[in-house]
Every structure is written in C-alpha cells, then in structure tokens.
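Okay, so here's the structure we're looking at.
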Amino acid sequence: DTGVSQDPRHKITKRGQNVTFRCDPISEHNRLYWYRQTLGQGPEFLTYFQNEAQLEKSRLLSDRFSAERPKGSFSTLEIQRTEQGDSAMYLCASSGTGNYGYTFGSGTRLTVV
Amino acid sequence: AQTVTQSQPEMSVQEAETVTLSCTYDTSESDYYLFWYKQPPSRQMILVIRQEAYKQQNATENRFSVNFQKAAKSFSLKISDSQLGDAAMYFCAYAYNTDKLIFGTGTRLQVFP
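Protein sequence lines correspond, in order, to chains S and E. The first sequence runs 33 to 145 under the working numbering. The second sequence runs 326 to 438 under the working numbering.
Below you can see the structure in the form of structure tokens.
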C-alpha cells in the first residue's frame, strides 16, 4: 500500500465552476476525513466517513460542498459554484480501527480565479 | 467544544540543540489522544508522535519526546539534537476516541546550522 492518494495535486478553476477531488485511503482503513487548510493555518475539519456512512459534517461545509464515499473505499469531495474563498489546500486522511494515528495524503491545492 | 492552542507562531533552534514546542488544549473528556504532526514545505502532514491520555508515561520516538501534563492540559514536544531536516510547521492535534482531529494553529520551526 502506498499510503493515502489524492488527485489532482493542483486545480485552477474559474469562479462559478464545479470541481471534484478524489481521495484513495489506505485500503484497510475504515475511516476517511476531509480537511481544508489555508496558508499559515492549521487544517480545519470538513467531514468524515466510517465505511460508506458520513458521520459528521462541519458547519464550515456549506450547501455547495458535498462528499461521498461509495462502497466505503475512495471518496470524492465536490464543490459547486466555486468562490474565491474556496481557494485552499484540501487534505484527506484515513485511519483504521482504534486510534493509532491518521495518515494524510499530499493534498489538492485549489485556486479559484 | 474542544480547542487546541499553540502560542508560539515561530521558534528557532541551532543544529544539535534542543527545542521545546508548547501546546495546550481544552476538553471535558478523560480519555483521548494527542498528536504532534510535522508539515514540511512539501505540505504532506507526517505523524511525529502520539500520546494516549490514559497513559501516564510520556511518549518517546527517537529524538522526539513529549511532556504530557493531563491536569494542566498541556502537551509539549521536545526535539533533541535538532537537525536541518526538522525545519517545518509543527501542529499539535487532539482527538476524542476515533473522532476527527482538532488542530492548533501551528508553530514554524527554523533550524540554523
């Protein structure tokens, strides 16, 4: 297993367009988390899944954001009608049974122009 | 609500010396997990060390150790024999059970030769 993979690494989009990011967790991890990180700040929690069930969504996650994890494997995060304020690094992490740490992907950097 | 506070935006240390990064947190839970993550300029978050709150013994990983003071809700990271490769952003994080990570705002560590 090569760790948590995120695709794409970078995305530049025009304001108002929709974007979708993908995260492939470590295969035996049943929990998957999405975070957003702006420059100079710590990551902020967006949402998380246990298997295919979305267990929690942050108040930061407006109606324009939606996340899915079909079949409890990879996850997608979609942002509709992007705004300049959505520009950030979007991080995905996964963890397994118990809590032995969370493994992060390299992130997707979104720039909305 | 749980919060994590890192009061040192920046720290610097000379190579081979020791540096301590501070972290305090707030929670009403008695059993939880604390983490230090390192984020180099490449941006991938790397787990440095993990502490389980029910364990009184401070965690140690090679040159990295923590001073966990549960009553004071303090969780500092000591880096011994600092190396140039230790330069990065360091984030303190809290998790209740297998819940989401809550991050502090980070401390930028510079290492001088």
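Yeah, the Cβ is synthetic: ideal placement off N, Cα and C, and Gly gets one too.
Residue i to residue j span [Cα, whole Å]
| i | j | result |
| --- | --- | --- |
| Gln382 (chain E) | Trp361 (chain E) | 16 Å |
| Leu372 (chain E) | Ala125 (chain S) | 12 Å |
| Ser355 (chain E) | Val329 (chain E) | 16 Å |
| Gln321 (chain E) | Phe400 (chain E) | Residue 321 (chain E) cannot be examined here, being either before or after the span of chain E that is shown, 326 to 438. |
| Val344 (chain E) | Ser337 (chain E) | 8 Å |
| Asn62 (chain S) | Gln82 (chain S) | 6 Å |
| Arg96 (chain S) | Thr114 (chain S) | 8 Å |
| Ser390 (chain E) | Ala412 (chain E) | 17 Å |
| Gly130 (chain S) | Glu340 (chain E) | 36 Å |
| Arg91 (chain S) | Arg101 (chain S) | 19 Å |
| Phe342 (chain E) | Leu93 (chain S) | Going by the sequence as given, residue 342 (chain E) is Glu instead of Phe. The straight-line gap from Cα to Cα measures roughly 43 Å. |
Distance CB(residue i)-CB(residue j) smaller than 8 Å
| i | j | result |
| --- | --- | --- |
| Leu359 (chain E) | Leu402 (chain E) | no |
| Gln331 (chain E) | Thr430 (chain E) | yes |
| Tyr350 (chain E) | Lys398 (chain E) | yes |
| Ser107 (chain S) | Leu71 (chain S) | no |
Contacts that residue i makes with chain C (C-beta to C-beta distance below 8 Å)
| i | result |
| --- | --- |
| Ser119 (chain S) | Looking at the structure shown, chain C is missing, and the protein chains on hand are S and E. |
Within-8 Å CB hit, residue i to chain S
| i | result |
| --- | --- |
| Lys363 (chain E) | no |
| Ser430 (chain E) | Checking the sequence, you will find Thr at residue 430 (chain E) rather than Ser. By this cut-off, Thr430 (chain E) is an interface position. |
| Gln369 (chain E) | yes |
| Thr352 (chain E) | no |
Cutoff 8 Å: residue i Cβ touching any chain E Cβ
| i | result |
| --- | --- |
| Gly104 (chain S) | no |
| Pro57 (chain S) | no |
| Leu123 (chain S) | yes |
| Glu96 (chain S) | The sequence as given places Arg at residue 96 (chain S); Glu does not occur at that position. It does not; no Cβ of chain E falls within 8 Å. |
Where residue i falls: helix, strand or coil (DSSP)
| i | result |
| --- | --- |
| Asp56 (chain S) | strand |
| Leu93 (chain S) | coil |
Cut-off 6 Å between Cβ atoms - residues of its own chain near residue i, not counting five sequence neighbours on either side
| i | result |
| --- | --- |
| Tyr134 (chain S) | Ala125 and Ser127 |
Contact set for residue i: own chain, Cβ-Cβ below 7 Å, skip 5 residues either direction
| i | result |
| --- | --- |
| Gln116 (chain S) | Arg47 and Val144 |
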